[in-house]
Amino acid sequence: MATRITEANPKGDEVHLPVEEWARASFEAGIEAYSGIEPHTEPSQEYLERGRAIAFERLALAGYRLAYILNHTLARLS
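Be aware that the sequence shown starts at -5, since it is given in this note's numbering, and climbs by one per residue.
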């Protein structure tokens, strides 16, 4: 699953953005992920697929950022 997620969401420049930008982008992704859902209704297949794609994108980005932080921090300790 990790390979599928990273292949569909290659690492980009977002890894090196300030933390404030991470928060803003996550907020916007949340707004996008929940748009189109109505209370007390079953989500459409399109909604589910869009939500899954957004979740996988955010998951890949979190992994890239964690790897960057760990590599950067551990390199300074060596």
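All C-beta atoms in this analysis are idealised placements derived from N, C-alpha and C, irrespective of residue type, glycine included. The structure presented is a predicted model; accordingly, all values stated were derived computationally and were not measured.
For residue i, the first and last residue of its enclosing alpha helix (DSSP H)
i       : result
VAL9    : Taken as a continuous stretch (DSSP letters only), VAL9 belongs to no alpha helix (DSSP H), as it is neither H nor E.
GLY57   : 39 to 71
ILE(-1) : -4 to 2
Under 8 Å between C-beta atoms of residue i and residue j
i     : j    : result
TYR62 : VAL9 : yes
ALA56 : ASN3 : no
Any non-hydrogen atom of the ligand ADP closer than 7 Å to residue i Cβ
i     : result
GLU22 : Ligands are entirely absent from the displayed structure, and the ligand ADP is therefore not among its contents.
Residue from the options whose Cα sits closest to the Cα of residue i
i     : options                    : result
THR0  : ASN65, SER72, GLU36, ARG52 : ARG52
ARG44 : ALA27, THR67, TRP16, PRO33 : ALA27
GLY6  : THR35, ARG70, LEU64, ARG59 : ARG59
- Between the region 6 to 26 and the region 45 to 56, do at least 3 Cβ pairs fall closer than 8 Å? yes
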